[in-house]
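Each residue of the sequence shown is one higher than the one before, starting from 452 at the first, in my numbering.
Yeah, the Cβ is synthetic: ideal placement off N, Cα and C, and Gly gets one too.
A quick write-up on the structure given underneath.
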Amino acid sequence: MRLLITGGAGFIGANFVHSSVRVHPEDSLTVLDAMTYAGSRESLAAVENDIRLVQGDITDAELANKLVAESDAVVHFAAETHVDNALADPEPFLRANVIGTFTVLEAVRAHGVRLHHVSTDEVYGDLELGNARRFTESTPYNPSSPYSSTKAASDMLVRAWVRSYGVRATISNCSNNYGPYQHVEKFIPRQITNVLTGRRPKLYGSGTNVRDWIHVDDHNSAVRRILADGQIGRTYLIGAEEERDNLSVMRAILRLMDRDPDDFDHVADRAGHDLRYAIDPSALYDELGWAPKHTDFEDGLRATIDWYRDNETWWGPLKDATEAKYEGRGQ
Ligand code: NAD
Ligand code: TDX
């Protein structure tokens, strides 16, 4: 299969490329990535001879058209992804997430190419703390942030292009990912690299907010399964049933790094901070026979800590600028 992977130099996309090279060496892979602050050639260095890497923007219709025409399927990861950045400056999120997805849709429509659109559970808004409700495919969209509202808009565009133009697309909405190559702006890598650089980890508010964690390789194996066997027009929710509050994750990181579990700072809370996300992945289990492999969160966290310890050359150059940005926001 000739696969076009948008955003393949970012966290999840790069891990998707790595696992595709490993598990599907018969595929021919093209990455289209604008190399924003979140994209990194180094993330693809180990597979650079196995792929074609095109630096370019998904809003560039001519380029998107040309690359889509040469592909059998598109896996669309490219997006602006950090909630705190969206709160500070939403405009790039409208451009990349809404106009970008529109441009990809028009290209797959023109060339009859299969699309898998990668989205987030944040489109459903948040759940209350301490009850058993979880998100399903029929949960109404109720996004809270400029980030999640633009991802919700992109999902709506995909649904409309399926219905109106017969575009062959599937959508997945996944919970919080962790693993190697995640930008140090995100919660888990930020705390690990704070400890590794002698800074104190930073917890927003009281840390009662709950996230549902999944290892990035499990997210990507689900995407692969949906691409192969998913029903056109369907939305699949991806999750590994690992709900944790932020305080517990913070303490687990500190414990695994041999620090006092209270050795962190409480900082200003995020505006509009979603309380809880939780995915009911049973449709994916029952209909597509998918299951996560990384079922021990602490094992996954330990391996992730080891990866950051061993790969300071990858994240070191990003760290000071990221922390300076947070400092400016009181976080
Ligand atoms: P990331 O920020 O690490 O990577 C995004 C990549 O997209 C970067 O390489 C960037 O250069 C590229 N990009 C951004 N704008 C672009 C544009 N206009 N044209 C071309 N490339 C562009 O993000 P991630 O965490 O890997 O997320 C990938 C996808 O998965 C996103 O669509 C995100 O909404 C979704 N998602 C992420 C999570 C998570 O926990 N990280 C969970 C669920 C869904
Ligand atoms: O320093 C921090 N301290 C802190 O307490 C940071 C960066 C975050 N947090 C909290 C905020 C959230 O409750 O940790 C939680 C996780 O934060 P993020 O890593 O920013 O992730 P989140 O906002 O939950 O969104 C992530 O998951 C869904 C991704 O960034 C999105 O792209 C994805 O769609």
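Specify the secondary structure class of residue i as computed by DSSP and reduced to three states.
i: L763; result: Checking the displayed sequence, the identity of residue 763 turns out to be Glu instead of Leu. Three-state result, E763: helix.
i: Q642; result: helix
i: V472; result: helix
i: N494; result: One detail in the question is off: residue 494 reads as Ser in this sequence, not Asn. S494: helix per DSSP, three-state reduction.
i: L454; result: strand
i: F462; result: helix
i: D606; result: helix
i: H567; result: strand
i: L688; result: strand
i: D737; result: helix
i: R650; result: coil
i: I677; result: helix
i: L578; result: strand
i: R727; result: strand
i: N593; result: coil
i: M701; result: helix
i: T659; result: coil
From which residue to which residue does the alpha helix (DSSP H) around residue i run?
i: V482; result: Segment 479-484 is the beta strand (DSSP E) holding V482; no alpha helix (DSSP H) there.
i: R560; result: 551-562
i: Y835; result: Residue 835 cannot be examined here, being either before or after the span of the chain that is shown, 452 to 782.
i: D535; result: 534-539
i: N516; result: 512-520
At what residues does the beta strand (DSSP E) containing residue i begin and finish?
i: D696; result: 694-696
i: R619; result: R619 -> no beta strand (DSSP E), and no H or E assigned at all.
i: A524; result: 524-527
i: Y655; result: 653-655
i: D716; result: 716-718
Between which residues of its own chain and residue i is the CB-CB distance below 6 Å, once the five residues before and five after are set aside?
i: D501; result: V472
i: P631; result: W758
i: T686; result: E588, I622
i: V526; result: I456, H567
i: Y592; result: V574, A603
Beta-carbon within less than 7 Å of residue i's beta-carbon, same chain only, minus the 5 sequence neighbours each way: which residues are those?
i: P498; result: Position check: residue 498 holds Val in this sequence, whereas Pro was assumed. The residues are V468, H469, V472.
i: D577; result: S595, D725, L726, R727, Y728
Using a Cβ-Cβ cut-off of 8 Å (strictly less than) and excluding sequence neighbours within five positions of residue i, which residues of its own chain qualify?
i: T554; result: I509, T510, D511, A512, A515
i: A524; result: M452, R453, L454, L455, V564, R565, L566, H567, L678
i: I550; result: T510
Could you tell me which residues DSSP puts in a beta bridge with residue i?
i: W664; result: N627
i: I502; result: L480
i: F586; result: I730
**Q.** Exercise answer, beta-carbon shell around the ligand NAD heavy atoms below 5 Å
**A.** G458, A460, G461, F462, I463, D484, A485, T487, A489, G490, D508, I509, F528, A529, A530, T532, A547, G551, V569, T571, C625, N627, N628
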